[in-house]
Amino acid sequence: MNESPRVLPLIGGIVALVGVLVSLAAVFPDYYDDGFARRLEPGPRWFVVFFVSGVVAGGLLLLARRGTQLAGTGLLVALCATFVGARALEITRVTDDRFRVDAGLGVVVDGAGFAVVAAGAALAVLGLLVGGVERPVLRPVGPAVAWLAVLGAFAGFVTAYGYGLNYVDFALGGGFAQGSPLVPSARSLWAQIVVVLALVAGPVVVAVGRRALAAGVAAGPLVFTAASVLSRFLEAGTVRGVDRGFDPVEGTWVMLVGGLLLAVFTLVRFAGPAGADPAPGDRPGGP
């Protein structure tokens, strides 16, 4: 079997890695016109680090060989679908007069980096659609796989529910919660819906997909959830013990529980009878 990478997914991997360099560059200039830079705040900084790490892994999988390109494509698509909400929120902040902030060079560079990564993911998908794959991307759905899909959808739903809730509580006059990505503006609502759908549907694809596709797609929600939970805790100042006047509330804790459920689901998917792909001769229709 020819193991040399397909050309379009290979190009997509190169493009995605170029996007990583652009995204990293966004850490250094002022993010908004008020002098805020991502390198000065641990929450946004680590959010970028998780995204960049996932994209690097996906890009390298696309470059490695033909057999890993399906996993790399799944990972890049899952990362773009889950991290798009944060990018849309940044655009909302600089285009909505209620926020009273203007874009710095960091916002522009960050958006450009994400767009380049998304272009790489699109090239990878197009390459697989045009070039085809040697084996089916889905496995036969028996009772064990069906129940696994239900478990994954439930874990994804809990994670998505936590994502949509408010996640910080300001200690001002008794405190009030804020921070839901679904609230700030209708301009970004479409992107938040994409994130919610990706968190719920992604684990289902992991359950019914072949091992390579499942591995790539599974990593996307896990990376996003880890990045979101850590950045929320850091924003609230609880990890380093800094009293910044606000604390995490239900959204952060529920998303943490959802992430743990996703981790358990992933372990079940790749271990045990329900997680094993059938041998070629066991597929419906014979070898």
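Numbering (the working numbering), first residue to last: 4 to 290.
No residue lacks a Cβ here, since even glycine has one placed at the ideal position from N, Cα and C.
Which value, in whole angstroms, describes the spacing of the CA atoms of Gly-155 and Arg-103?
By 1-based counting over the sequence shown, the position of residue 155 is 152. By 1-based counting over the sequence shown, the position of residue 103 is 100. One C-alpha to the other measures close to 40 Å.
Taking the C-alpha atoms as reference points, what is the distance between Ser-7 and Arg-101?
Sequence index remark: in the sequence shown, residue 7 carries index 4 (1-based). Sequence index remark: in the sequence shown, residue 101 carries index 98 (1-based). Whole-angstrom Cα-Cα distance: 52 Å.
If I measure Cβ to Cβ from Leu-168 and keep anything under 7 Å in the same chain, skipping five residues before and after, which residues do I get?
Locating residue 168 in the sequence shown gives position 165, where the first residue counts as 1. So the qualifying residues of the chain are Ser-183, Glu-253, Gly-254 and Val-257.
Taking contact to mean 3 or more Cβ pairs, one atom from each stretch, closer than 8 Å, check whether the stretch 186-202 and the stretch 70-86 are in contact.
Three or more beta-carbon pairs separated by less than 8 Å link the stretch 186-202 to the stretch 70-86, which places the two stretches in contact.
With DSSP as the reference, label Gly-254 as helix, strand or coil.
Within the sequence shown, numbered from 1, the residue matching residue 254 stands at position 251. In the structure shown, Gly-254 adopts helical secondary structure according to DSSP, grouped into three states.
Same chain, Cβ closer than 6 Å to Leu-185, five either side skipped, listed in chain order:
Within the sequence shown, residue 185 is the residue found at index 182, counting from 1. When the five nearest sequence neighbours on each side are left out, the beta carbons in the same chain lying within less than 6 Å of the beta carbon of Leu-185 are those of Gly-167 and Gln-195, in order along the chain.
Based on Cα-Cα distance, which residue from Gly-70, Ala-67, Ala-149 and Leu-27 lies nearest to Arg-49?
Along the sequence shown, read from residue 1 onward, the residue named residue 49 stands at position 46. Here residue 49 turns out to be Trp, not Arg, going by the sequence shown. With distances taken between Cα atoms, Trp-49 lies closest to Leu-27.
Secondary structure of Val-271, DSSP reduced to three states
Stepping through the sequence shown from its first residue, residue 271 is reached at position 268. Of the three classes helix, strand and coil, the one that applies to Val-271 here is helix, per DSSP.
What are the start and end residues of the alpha helix (DSSP H) that includes Pro-224?
Numbered from its first residue, the sequence shown carries residue 224 at position 221. Pro-224 -> alpha helix (DSSP H) spans 214-239.
Which of the three DSSP states is assigned to Tyr-35 in this structure?
On the sequence shown, residue 35 is found 32 positions in, with the first residue counted as 1. Annotated three-state conformation of Tyr-35 is strand, per DSSP.
Starting from the C-beta of Gly-61, find all residues in its chain whose C-beta is less than 6 Å away, skip the five residues before and the five after it, and write them out in chain order.
Locating residue 61 in the sequence shown gives position 58, counting from the first residue. Taken in chain order, the residues that qualify are Gly-75, Leu-78 and Leu-79.
Output the boundary residues of the alpha helix (DSSP H) element that contains Ser-26.
The sequence position of residue 26 within the sequence shown is 23, counting from 1. Its alpha helix (DSSP H) spans residues 10-28.
Pick out whichever of Ala-230, Leu-192 and Val-23 has its Cα sitting closest to the Cα of Ala-118.
Along the sequence shown, one-based indexing puts residue 118 at 115. Of the candidates Ala-230, Leu-192 and Val-23, the one whose C-alpha sits nearest the C-alpha of Ala-118 is Val-23.
Tell me Ala-194's beta-bridge partners as DSSP assigns them.
Here residue 194 corresponds to residue number 191 of the sequence shown, with the count starting at 1. In DSSP, Ala-194 forms no bridge with anything.
So Val-153 and Leu-264 are in contact, right, with Cβ under 8 Å, and what is the actual spacing, rounded?
As a working note, residue 153 is residue 150 in the sequence shown. As a working note, residue 264 is residue 261 in the sequence shown. Contact between Val-153 and Leu-264 does not hold, since their C-beta atoms are separated by about 12 Å, which reaches or exceeds 8 Å.
Suppose contacts are defined by Cβ-Cβ distances below 8 Å. Is Asp-105 in contact with Asp-36 by that definition?
Along the sequence shown, one-based indexing puts residue 105 at 102. Along the sequence shown, one-based indexing puts residue 36 at 33. Cβ atoms of Asp-105 and Asp-36: closer than 8 Å.
Which residues DSSP lists as bridging Ala-106, in chain order
The residue you call residue 106 lines up with position 103 of the sequence shown. Under DSSP, Ala-106 takes part in a beta bridge, and its partners are Tyr-35.
In whole angstroms, what is the alpha-carbon distance linking Phe-86 and Gly-165?
As a first step, residue 86 must be located in the sequence shown, where it is residue number 83. As a first step, residue 165 must be located in the sequence shown, where it is residue number 162. Going from the Cα of Phe-86 to the Cα of Gly-165 covers about 15 Å.
Return the CA-CA distance between Gln-181 and Tyr-170, expressed in angstroms with no decimal places.
As a working note, residue 181 is residue 178 in the sequence shown. As a working note, residue 170 is residue 167 in the sequence shown. Answer to the nearest angstrom: the Cα atoms are 6 Å apart.
Endpoints, alpha helix (DSSP H) assigned at Tyr-164:
Locating residue 164 in the sequence shown gives position 161, where the first residue counts as 1. Element bounds for Tyr-164: 146-167.
Using a Cβ-Cβ cut-off of 8 Å (strictly less than) and excluding sequence neighbours within five positions of Trp-193, which residues of its own chain qualify?
If you number the sequence shown from 1, residue 193 lands on position 190. So the qualifying residues of the chain are Ala-91.
Whole angstroms is fine: what's the gap from Ala-127's alpha carbon to Ile-17's?
Walking along the sequence shown from the start, residue 127 turns up at place 124. Walking along the sequence shown from the start, residue 17 turns up at place 14. Cα to Cα, the separation comes out at about 10 Å.
Of the residues Val-110, Val-208, Ile-14 and Ser-191, the one placed nearest Ala-149, counting alpha carbons only:
Locating residue 149 in the sequence shown gives position 146, where the first residue counts as 1. Ranking the options by Cα distance to Ala-149, first place goes to Val-208.
Taking a contact to mean a Cβ-Cβ separation below 8 Å, would you say Ala-29 touches Gly-109 in this structure?
Walking along the sequence shown from the start, residue 29 turns up at place 26. Walking along the sequence shown from the start, residue 109 turns up at place 106. At a Cβ-Cβ threshold of 8 Å, Ala-29 and Gly-109 count as neighbours.
Taking the alpha helix (DSSP H) that Val-52 falls in, what are its first and last residues?
If you number the sequence shown from 1, residue 52 lands on position 49. 45-67 is the extent of the alpha helix (DSSP H) around Val-52.
Shortest alpha-carbon distance to Leu-64 belongs to which of Ala-218, Pro-45 and Pro-224?
As a first step, residue 64 must be located in the sequence shown, where it is residue number 61. Comparing Cα-Cα distances from Leu-64 to each of Ala-218, Pro-45 and Pro-224, the minimum goes to Ala-218.
Since I believe Arg-235 is in contact with Pro-251 (beta carbons under 8 Å), could you give me their beta-carbon distance rounded to a whole number of angstroms?
Translated into positions along the sequence shown, residue 251 becomes position 248. Translated into positions along the sequence shown, residue 235 becomes position 232. Indeed, because the Cβ distance is near 6 Å, the residues count as touching under 8 Å.
Once the 5 residues before and after Arg-68 are set aside, which same chain residues still bring their CB inside 8 Å of it?
Translated into positions along the sequence shown, residue 68 becomes position 65. Counting only residues of its own chain and dropping the five nearest sequence neighbours on each side, Arg-68 has a CB closer than 8 Å to the CB of Glu-6, Ser-7 and Pro-8.
What's the gap between the Cα of Gly-134 and the Cα of Val-59?
Sequence index remark: in the sequence shown, residue 134 carries index 131 (1-based). Sequence index remark: in the sequence shown, residue 59 carries index 56 (1-based). In a straight line, the C-alpha of Gly-134 is about 23 Å away from that of Val-59.
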